[in-house]
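Protein chains in written order, with the numbering used here: chain G, 234 to 447; chain X, 14 to 324; chain S, 10 to 440.
From the three backbone atoms N, C-alpha and C, an ideal C-beta is built for every residue, glycine too.
Only a predicted model underlies this, so the values are computations on that prediction, with no experimental measurement involved.
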Amino acid sequence: MPNRTQPPSATARSAPAPAEHPTGEAAPEAPDSSTVLDDLGIRRALMRIAHELVERNDDLSRLYLVAVPNGGVPLARQLAANLREVADAEVTVGILDTTLYRDDLLARGARPRLRRTEMPSVVDERVVVLVDDVANTGRTIRAAMDALMDFGRPRGVQVVALVDRGHRELPIKIDYVGKNIPTQAGDRVELLGDAGDLEGPLRVVLRPEGEGER
Amino acid sequence: MIATDLLGIEDLERSDIEQILEAAAHMQEIGDRPVKKVPTLRGRTIVNLFFEPSTRTRTSFEIAGKRLSADVVNFSTSSSSLSKAESILDTARTLDAMQPDAVVVRHRVAGVPKRIADVLDAPVINAGDGAHEHPTQALLDLLTVWQEKGRIDGLTVTIIGDIVHSRVARSNIYGFLKMGAEVRVAGPPTMLPVGVQALGVKAFTSMREALDGADVVMALRIQLERLSGSLFPSIREYAETFGISRRTLRYAKDDAIVMHPGPVNRGVELSHDLADHRPSVILDQVRNGVALRMAVLYLLAGRERVAGRTE
Amino acid sequence: MSRLLIRGGRVLDPASDRDAAGDVLIEDGVIVAVDADIDTRGAEVLDAEGVWIAPGFVDLHTHLREPGQEYKEDIASGGRAAVAGGFTSVACMANTQPVNDDPSVTDFILDRARTDSPARVHPVAAATKGLAGEVMTEMVALVEAGAVAFSDDGKTIMDSGVMRRVLQYSRLVERPVITHAEDRTLVGDGVMNEGPVSTRLGLPGNPAVAETVHVARDIMLAEITGAHLHVAHVSTAGAVELVRAARERGVHVTAEVTPHHLVLTDEATSGYDTNTKMAPPLRSADDVRACRQGVADGTLDAIATDHAPHALHEKEVEFTEAPPGVIGFETALAVVLDLVREGELAPLELIRRLTTDPARILSLTAGTLSVGAPADVVVVDPERRWTYDPSKGYSKSRNSPWNGQELVGRVVASVVGGRMVYHVDRGVLVQ
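Okay, structure coming up:
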């Protein structure tokens, strides 16, 4: 399957590849048939991405993981833990809510709930890595970049998505992808926690027909 | 929120209040950013329709609107046709034809925001009407207490002063009661409204009893110009009997906080040393005012109308 | 010779205590027979099958606004609205511009009424010059010109010495002095009843005691002067009790109540509708109950509309700035029929409060179906449902709290001096 959004060089050099590779592993362990990526798969994907981050960034002290809530938050924390493990690097983790930057607010009735923003360090001269759970139209990443610019002038911005489901509507490139999942436009792809929140084991589910737009 | 206007706390459900406070808590962080502005209401027009001068409230709404990137237009008595013989509803209809996305109304007479909301398509936010309500003030007070105390449920709140003429008192009475607090009011008998108990509060004329075990002590501004109306004989007697000082605060809980909607008449409602320092949280109230009003504008302004007249 | 037969109704004539089926025959403007099965030959027939036939209503408290405020109402429009509501005689208050404190103004009103109004109009003259509460008017000359009573209505004579002398002097003409009983110092800036509702709405309260203090004072002054005091628009339980007690000890005091004070409470103001602003204000449920009881036991003699037209732009303002008052002619009957429907008042007694009693207070030869009396008659369908739209009414103004509401009970026809001046299907029948 074509892997357009993943940097070719990264694939070549990244460590254990099999885990994120399609259908094989995830399906048998899945709690239900809609699970397209289980907790083990997620952890393997995040470890691989951590390696890729190390590969592609010479100065890890400049890295600043900024999670897009809610799904990006546990993923960014795990990535930070992985970086500590593989490169002995302490990487700052921030949280940046994009709701107030959405381009679809005015078209809607009730306003969506706001989520928290915590940016513990300045972004100037940092390499900010935006961490999202599911990449889709690209509008959330666009909103996140706008928000980020209001916090300062980063040296560079890279994007991590656990799942890339395609259907991009804006020229947004995802630098690190956990898994590509082909979907229909109407499908819903969501990161869920077994415990109902995003604290414990996670999984990504795909439900056809729902409202998948984020 | 179900409602399209914010006319009073009386109309809100507890869940509405919680939603507004939660959104306001998120808005607070924007004020700490290098760029204190988000694009949320870009291209939207908010009209501040102030029939009564109020620099503080108007400025707070103006900053809130601008932090959300809305265009904020101030319409006040000195710069418009309001002083001419134009009826309130005519003014509202004229304004409606200009298609604002939200209208913030302040008027010295109770009920004017409601009458305007009745004819206006855009959401109306009451910024204080007569002695009726001042919902955003009460909401920012709730936000302040919630963040100070970690809860509102089960707290005892004592409101002191001219309850008869106070919209702040009414909105806070509704708000704190809906959020599960016990509310007391205190003041000279001439300043306690007839039937105030029907609102669900206990009324006191003794400060010792009113403050006994209070978690929150809220003083209201005394309109010194009301002195001519003889609600109280002298400022000195009021200050000595109903002014809050460290001495009177001893009746309240040790960790009680002191609030005031401002501006403070120093040495009247509050002793000089209380106006600026803990346990007074007056500056937090002011700071929270902007975030709270951002939350209200975010939730109400420019929402698609049911009638679909907008687009 | 003109003959009009009103046939087949329930005849309600309080003057003769008659409540029975029958016909009413009118010849040349005078009632000539009230009986069952009158010979109908040669007569125009008005069918009243299944509905009520009663004397034309007498309203002893209205504001027709002419001269001076014809944009709100004039004698022509007010008179048409009156007959559309069944009121064939109306007394109009003196707060015109100029004030009716001079026989020339009284003359003007009566002249205008003769040419313009389908209803009979009886001017109430001011009690003091310019309604200023200081110098009493020329009562003898005003009565000679046609004034039927004296009142500074809308304003209160606050000076007790002036009020005493007005009452004393009124003995000369034996006409009632009508008091608008609100102590201004207690009213203060109040715009609605003081109580839990005003506290909730944040509107300045006008306390019940503002009325009772003043009624008590005026009753005491009537007692020592022996004058006829008439208390306008009683709104409080306290005032009802004061009037009842005074009557029992022989003071010459009469009283009226408005339809709105019999059915609406201060809760009606919850939406800040300025058409719920009156003076005196709408009161509490307890006050309403006491007023209804007062009507039932006769303490409150008369139901009077206090028809008070105000233009739309005057009411579309802040609640505190809006002029008090509502129009009332065309809705009065439907509103007060509530007392009959609730079983608090027999139909004959309701009609008495609308006819015989107010006529007696003003010494008018009206409000009766006696043979030989002027033929002022109304036909009323107490069951008829209709939706009130003030813009389709006859008043120039629309300030009604019943705007757009469904009402039950409607005037079918009004006859003044033997001539049908209104019929529900044909409208007002004079130019």
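Between residue i and chain G, is there a C-beta pair that is closer than 8 Å?
i	result
proline 52 of chain X	yes
glutamate 42 of chain X	yes
tyrosine 264 of chain X	no
histidine 147 of chain X	no
histidine 39 of chain X	yes
proline 206 of chain X	no
valine 48 of chain X	yes
leucine 312 of chain X	yes
alanine 36 of chain X	yes
Please check if any C-beta of chain S sits within less than 8 Å of the C-beta of residue i.
i	result
arginine 180 of chain X	yes
leucine 102 of chain X	yes
glutamate 143 of chain X	Glutamate is not the amino acid found at residue 143 of chain X; the sequence shown has glycine there. So, interface residue.
With 8 Å set as the bound, which would you pick, yes or no: does the beta-carbon of residue i sit closer than that to a beta-carbon of chain X?
i	result
glycine 304 of chain G	no
proline 333 of chain S	no
glycine 211 of chain S	yes
arginine 344 of chain G	yes
phenylalanine 328 of chain S	yes
aspartate 330 of chain G	yes
tyrosine 281 of chain S	yes
arginine 372 of chain G	no
arginine 349 of chain G	yes
alanine 334 of chain G	The amino acid at residue 334 of chain G is misidentified as alanine; the sequence shows tyrosine. At least one chain X Cβ lies under 8 Å of tyrosine 334 of chain G.
leucine 381 of chain G	no
leucine 298 of chain G	no
arginine 447 of chain G	Note that arginine 447 of chain G has pLDDT 40, beneath the 50 cutoff, so the model's placement of it is unreliable and the number below is only indicative. Taking Cβ atoms only, chain X never reaches closer than 8 Å to arginine 447 of chain G, which makes this a no.
Could you tell me whether the Cβ atoms of residue i and residue j are closer together than 8 Å?
i	j	result
arginine 71 of chain X	phenylalanine 63 of chain X	yes
arginine 106 of chain X	valine 137 of chain X	no
threonine 365 of chain S	threonine 377 of chain S	yes
valine 297 of chain S	asparagine 408 of chain S	no
isoleucine 257 of chain X	glutamate 222 of chain X	no
leucine 73 of chain S	cysteine 101 of chain S	yes
aspartate 110 of chain S	lysine 138 of chain S	yes
threonine 283 of chain S	aspartate 315 of chain S	no
threonine 53 of chain X	proline 113 of chain X	no
glycine 304 of chain G	leucine 381 of chain G	no
glycine 371 of chain G	isoleucine 414 of chain G	no
So, for residue i: in the same chain, excluding its five sequence neighbours on each side, which residues have a beta-carbon less than 8 Å away from its beta-carbon?
i	result
threonine 416 of chain G	Arg398, Gly399, His400, Val422, Leu439 and Gly445
proline 391 of chain S	Val60, Trp61, Leu346, Val349, Pro356, Val417 and Gly418
leucine 271 of chain S	Val297, Cys300, Arg301, Val304, Ile312, Val344, Val345, Asp347 and Leu348
Where does residue i land, buried or exposed, given buried means 16+ other C-beta within 10 angstroms?
i	result
glutamine 298 of chain X	buried
histidine 223 of chain S	buried
arginine 27 of chain X	exposed
lysine 49 of chain X	exposed
serine 73 of chain X	buried
glutamate 318 of chain G	exposed
glycine 257 of chain G	Confidence is the limiting factor: at glycine 257 of chain G the pLDDT is only 36, short of 50, which leaves the residue's position unreliable, though a coordinate-based value still follows. Flag for glycine 257 of chain G reads exposed.
glutamate 253 of chain X	exposed
Can you find the residues in the same chain that come closer than 6 Å, C-beta to C-beta, to residue i, ignoring five residues on each side of it along the sequence?
i	result
proline 345 of chain G	Thr332
glycine 188 of chain X	Ile22, Ala151 and Leu155
serine 207 of chain S	Met201 and Gly214
aspartate 109 of chain X	Leu133 and Asp134
serine 93 of chain X	In this prediction, serine 93 of chain X scores a pLDDT of 42, lower than 50, which makes its location untrustworthy; no coordinate-derived value is stated.
leucine 363 of chain G	Val299, Ala377 and Val392
Taking 7 Å as the limit between beta carbons, can you name the residues of its chain near residue i, skipping five residues before and five after?
i	result
alanine 231 of chain S	Leu176, Leu238, Val260, His261 and Val262
serine 293 of chain S	Asn202, Gly204, Thr274 and Asp275
arginine 55 of chain X	Ser82
aspartate 225 of chain X	Tyr264
arginine 306 of chain X	Ser73, Phe74, Ala77 and Thr149
Contact defined as beta carbons within less than 8 Å: I believe residue i pairs with residue j. What is the distance between those atoms, to the nearest angstrom?
i	j	result
leucine 321 of chain S	glycine 124 of chain X	That belief does not hold up - the Cβ atoms of leucine 321 of chain S and glycine 124 of chain X are roughly 18 Å apart, past 8 Å.
glycine 155 of chain S	threonine 115 of chain S	6 Å
valine 198 of chain X	valine 209 of chain X	6 Å
alanine 305 of chain S	proline 367 of chain S	That belief does not hold up - the Cβ atoms of alanine 305 of chain S and proline 367 of chain S are roughly 17 Å apart, past 8 Å.
proline 206 of chain X	isoleucine 176 of chain X	6 Å
arginine 359 of chain G	arginine 295 of chain G	5 Å
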